[in-house]
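Residue 174 in my numbering sits at position 165 of the sequence shown, and the numbers go up by one each step.
Where is the CB? At the ideal position from N, CA and C, for every residue including glycine.
Bear in mind that the values here come from a model prediction, so they are computed numbers and not experimental data.
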Amino acid sequence: MFYNGIERCASFAAKATLFVSGCFIALMALHITLDVVLRFIFGNSFQGTLEVVSFYYMVCAIFLSLAYVEYKREHISVDVVVQRLPEAMKLPLYVFACLLGIAYFGMLGYQSTLDALRATESQETAMANFTFYIWPSRWALPVGFFATCIATFANMVKAIAERKAL
């Protein structure tokens with residue numbers, strides 16, 4: 010029962026953040042394509058394309074997709090040593106690694122939340138030829154990091170329930 014609730018929560022968080030990340034990738038592709046076409050045909054382009062791509066699309070595409078990658082266990086892992094360990098040691102080591110991951114992403118989420126609050130309060134802008142607010146994109150980091158914590162926790166609970174390292 011507990012595991013099913015955690016699994017559903019992690020699945021929802023991972024898929025929702027992946028969907029939003031995919032939307033930002035599609036917007037980035039559309040924005041850049043339109044910018045290139047306008048520049049090629051009319052010799053003029055959108056103002057601020059570089060800023061929007063750098064501060065919004067790229068940030069959201071990267072950080073919001075982290076949870077899905079963790080949920081599907083597709084992060085890069087080097088387990089040359091772990092493969093040689095006895096089966097009895099693999100699960101405790103996996104649980105320990107998950108706890109470290111949760112602590113790491115939790116600290117990143119906490120600090121990025123403080124940074125996002127500070128940026129929102131000050132209405133943070135980037136240097137450009139116009140007023141360009143970047144504070145909204147600061148919120149992608151804590152959302153992505155905390156969703157990754159949920160996915161890591163769900164994977165850990167699944168490993169414990171199956172009594173097998175994932």
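Does the Cβ-Cβ distance between residue i and residue j come in under 8 Å?
i: S121; j: C69; result: no
i: A19; j: I159; result: yes
i: V90; j: K99; result: no
i: E79; j: T161; result: yes
i: Y119; j: L175; result: no
Using only CA atoms, which one of the options lies nearest to residue i?
i: M136; options: A76, G153, V78 and E60; result: E60
i: W148; options: Y113, R93, E133 and T58; result: E133
i: Y12; options: S131, L175, N164 and T42; result: N164
Please report how far the alpha carbon of residue i lies from the alpha carbon of residue j, in whole angstroms.
i: L47; j: L36; result: 16 Å
i: R127; j: S74; result: 24 Å
i: G115; j: D124; result: 14 Å
i: I15; j: C32; result: 26 Å
i: R93; j: L109; result: 22 Å
i: G153; j: T42; result: 27 Å
i: L117; j: F21; result: 21 Å
i: W144; j: K173; result: 42 Å
Which word fits residue i, buried or exposed, when buried means at least 16 other C-beta atoms lie within 10 angstroms of its C-beta?
i: Y65; result: buried
Once DSSP output is grouped into helix, strand and coil, what is the label at residue i?
i: A19; result: helix
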